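So the structure is just underneath, and the comments pick up after that.
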Amino acid sequence: MKHFAPAVMFVWVIAAPGCADTEWRLPPTAGAADYQLGGAYRPDPRVTIVARDSHAQPEPGLYNICYVNGFQTQPGELQTWIDDHPDAVLHDGEGNPVSDPGWPDEYALDTRSARSRTQIAEVVGRAIARCAASGFDAVEFDNLDSWTRFDGLTEQGNLALAAELVDLAHHRGLAAGQKNAPDLGDKGPGAGFDFVISEECAAWNECGAYRAQYGSHHIDIEYQDALPKGHSFDTLCRLPDQPDLTVLRDHLLRTPGQPGYVFGLCPVP
0 MKHFAPAVMF VWVIAAPGCA DTEWRLPPTA GAADYQLGGA YRPDPRVTIV ARDSHAQPEP
60 GLYNICYVNG FQTQPGELQT WIDDHPDAVL HDGEGNPVSD PGWPDEYALD TRSARSRTQI
120 AEVVGRAIAR CAASGFDAVE FDNLDSWTRF DGLTEQGNLA LAAELVDLAH HRGLAAGQKN
180 APDLGDKGPG AGFDFVISEE CAAWNECGAY RAQYGSHHID IEYQDALPKG HSFDTLCRLP
240 DQPDLTVLRD HLLRTPGQPG YVFGLCPVP
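Residue 0 is where the sequence shown starts when you use numbering that gives the first Met the number 0, and the numbers rise one by one after that.
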């Protein structure tokens with residue numbers, strides 16, 4: 000592993016004039032990343048960045064990214080949303096909440112109006128505050144691309160909410176990560192995102208799109224059961240646009256000791 004002085008490892012960003020007097024630290028571009036949403040565990044010694052759920056605790060001594068579901072409800076939380084913010088939940092033509100077919104206990108949030116976005120930001124803002132209070136360095140907002148999967152939602156509405164969430168993160172001293180959505184191009188950084196976390200950018204031939212916007216501030220998760228045709232993880236790591244911070248995981252993001260646990264890292268260049 001290459002070793003770098005802290006001044007090279009981390010970049011600090013200070014808010015622009017007129018914004019709150021806060022600063023946040025960008026992720027390192029050296030070392031390795033692990034994606035631990037299925038449960039926290041001691042990272043591999045090579046790991047310098049770890050992502051965990053907002054209810055977990057950060058790993059001492061590493062750069063910690065806090066997972067927040069910014070554009071869909073978390074499992075088991077639909078009724079709370081319906082009770083407190085019914086207009087913030089996307090409904091179909093028959094008045095039923097719209098669930099994610101891939102994750103049927105998650106429901107799409109309605110980003111189309113300023114009113115609903117304010118309500119969503121209020122709820123998600125509490126998770127952001129929890130991330131900051133726990134000592135995380137950054138936050139990632141999942142399901143940014145929900146407008147591509149649910150009728151009625153728009154890119155414009157999702158980007159407007161994203162900008163609000165990024166501002167909340169920066170106000171708390173947290174860097175903000177774009178999650179997927181390569182088609183946004185420069186609109187992602189334009190919304191204020193500092194780095195990007197992608198899933199399967201090699202499998203979908205999207206790594207170059209992320210590199211064009213975020214350079215080396217790009218973390219990619221590839222899944223063992225969805226590697227691109229004709230590639231092993233080792234050959235995938237050698238693809239031209241594959242980020243150094245690529246981690247191989249199982250789809251359920253299991254912990255060590257659980258059947259089916261998978262973890263792998265690209266060799267240090």
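Glycine included, every Cβ here is placed at the ideal spot set by N, Cα and C. The structure displayed is predicted, hence computed values, not measured ones.
What is the rounded straight-line gap between the Cα of residue i and the Cα of residue j?
| i | j | result |
| --- | --- | --- |
| R111 | L152 | 6 Å |
| A107 | G69 | 10 Å |
| N95 | H54 | 29 Å |
| L77 | E105 | 8 Å |
| A132 | A211 | 33 Å |
| H217 | D83 | 36 Å |
| G187 | V261 | 30 Å |
| Q223 | D249 | 6 Å |
| P239 | I220 | 16 Å |
| R51 | L164 | 18 Å |
| P42 | D91 | 42 Å |
| G156 | V97 | 17 Å |
| V49 | R171 | 19 Å |
| C206 | E199 | 9 Å |
| L167 | V88 | 21 Å |
| Q56 | G256 | 20 Å |
| N204 | S115 | 34 Å |
| D150 | R45 | 42 Å |
| T21 | G191 | 14 Å |
| V122 | S215 | 32 Å |
| I196 | L173 | 15 Å |
| G75 | A159 | 26 Å |
| P85 | A128 | 23 Å |
| G229 | L36 | 28 Å |
| A208 | A29 | 20 Å |
| I81 | P258 | 36 Å |
| Y40 | E93 | 44 Å |
| M0 | T79 | Note that M0 scores 32 on pLDDT, short of 50, meaning its location in the model is unreliable and no value can be drawn from it. |
| L247 | L61 | 19 Å |
| Q71 | N142 | 7 Å |
| E154 | I119 | 16 Å |
Here's the rule: buried if 16 or more other CB atoms are within 10 angstroms of the residue's CB, otherwise exposed. What is residue i?
| i | result |
| --- | --- |
| E100 | Note that residue 100 is Pro in the sequence shown, not Glu. So P100 counts as exposed. |
| N63 | buried |
| A113 | exposed |
| D185 | exposed |
| L251 | exposed |
| P27 | buried |
| G38 | exposed |
| T47 | buried |
| T254 | exposed |
| A225 | exposed |
| T245 | buried |
| D33 | buried |
| V67 | buried |
Thinking C-alpha only, which one of the options is nearest residue i?
| i | options | result |
| --- | --- | --- |
| F140 | L251, W23, Q73 and A32 | Q73 |
| C236 | G60, A201 and V195 | A201 |
| D233 | A225, G259 and L264 | L264 |
| A126 | C65, P85 and L158 | C65 |
| P266 | P27, L25 and A31 | A31 |
| D189 | A175, E198 and S197 | In the sequence on display, residue 189 carries Gly and not Asp. Of the listed residues, the one whose Cα sits closest to G189 is A175. |
| D109 | W102, T117 and P103 | T117 |
| P59 | L167, E205, G229 and F135 | F135 |
| R24 | L158, L252, R253 and A137 | A137 |
| F194 | L36, Q35, P242 and A120 | P242 |
| A162 | P103, G124, P227 and L36 | G124 |
| C130 | Y213, E154, W102 and H169 | H169 |
Residue ranges of each beta strand (DSSP E) within the segment 126 to 181, 3 or longer: 137 to 141 and 174 to 178
The segment 143 to 151 touching the segment 176 to 191, judged by at least three CB pairs closer than 8 Å: yes
May I have a chain-ordered list of the alpha helix (DSSP H) segments no shorter than 4 residues that lie completely inside the segment 80 to 132? none
At 3 residues or longer, what runs of the beta strand (DSSP E) sit wholly inside the segment 190 to 243? 194 to 198 and 217 to 222
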